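The next block holds one structure in the form of structure tokens; read it before the comments.
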């Protein structure tokens with residue numbers, strides 16, 4: 340099944356019985372990898388990105404929705420079915436935008452599983468008193484480097 344690309348969006352999303360609905364904001368390296376992998380495993384995936392070219396990163400087997408638009412726009416999020424999402428993953432190229440979208444998902448739409456990609460560990464302060472889970476690519480890369488190099492560090496900066 341080919342993915343559906345939508346430019347103008349007024350879609351009504353209906354939660355399929357037994358399927359997990361995942362909304363991904365950002366189709367960069369992380370967002371496209373997650374969207375492709377989750378779609379391949381049978382999850383209902385919608386991915387939003389401002390740049391139509393970003394969707395080229397998705398695998399040919401991606402069977403979810405590709406939405407060209409601003410994921411920080413509340414109307415866009417609602418049109419993409421955020422109210423029915425089980426999981427929201429926020430992986431745009433801006434930590435500030437990511438924090439805002441994650442907080443909207445968690446605090447306004449009460450999504451319990453919200454995951455955010457952050458580059459700046461200091462932004463974690465913005466996630467206090469939420470159940471938003473942060474993913475830090477630099478920290479994960481350092482952990483993998485330490486694992487494969489067998490170098491022991493007293494302190495890791497990431």
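In the working numbering, the protein residues as written are 340 to 497. Even glycine gets a Cβ: it sits at the ideal position worked out from N, Cα and C. If you're wondering where the values come from, they're calculated on a predicted model, not measured in any experiment.
In whole angstroms, give me the CA-to-CA distance for residue i and residue j.
i, j, result
"residue 411", "residue 490", "41 Å"
"residue 433", "residue 359", "26 Å"
"residue 349", "residue 420", "Note that residue 349 scores a pLDDT of 37, beneath 50, so its modelled location is shaky and nothing firm can be said."
"residue 368", "residue 414", "25 Å"
"residue 493", "residue 364", "36 Å"
"residue 437", "residue 472", "12 Å"
"residue 481", "residue 461", "17 Å"
"residue 407", "residue 400", "19 Å"
"residue 304", "residue 424", "Look at the range of the chain in this structure, 340 to 497, and you will see that residue 304 is not part of it."
"residue 409", "residue 395", "18 Å"
"residue 485", "residue 479", "10 Å"
"residue 352", "residue 488", "Only weak support is given to the placement of residue 352: the predicted model assigns it a pLDDT of 41, under 50, and the value that follows is read from those uncertain coordinates. Using only the alpha carbons, I get a separation of about 47 Å."
"residue 474", "residue 442", "15 Å"
Near residue i, which residues of its chain fall below 6 Å by C-beta distance, leaving aside the five closest residues on each side in sequence?
i, result
"residue 398", "375"
"residue 343", "Low local confidence applies: a pLDDT of 47 at residue 343 is under 50, so the model's placement there is unreliable, with the coordinate-based value given in what follows. Here the set comprises 404."
"residue 452", "426"
"residue 371", "396 and 397"
"residue 389", "409"
Helix or strand or just coil, what does DSSP make of residue i?
i, result
"residue 390", "coil"
"residue 447", "helix"
"residue 383", "strand"
"residue 424", "coil"
"residue 362", "strand"
"residue 412", "coil"
"residue 340", "Confidence at residue 340 is low in this model, with a pLDDT of 42, below 50, so the placement of that residue should be treated as unreliable; the coordinate-derived value is given next. If DSSP states are grouped into helix, strand and coil, residue 340 belongs with coil."
Closest by CA to residue i, which one among the options?
i, options, result
"residue 439", "451, 414, 466 and 459", "466"
"residue 455", "462, 430, 469 and 407", "430"
"residue 362", "389, 395, 372 and 416", "416"
"residue 392", "366, 373 and 409", "366"
"residue 463", "435, 370, 485 and 448", "435"
Here's a check: name, in chain order, each residue in its chain whose Cβ is nearer than 8 Å to the Cβ of residue i, leaving out the five neighbours to either side.
i, result
"residue 446", "469"
"residue 450", "421, 424, 425, 426, 427 and 444"
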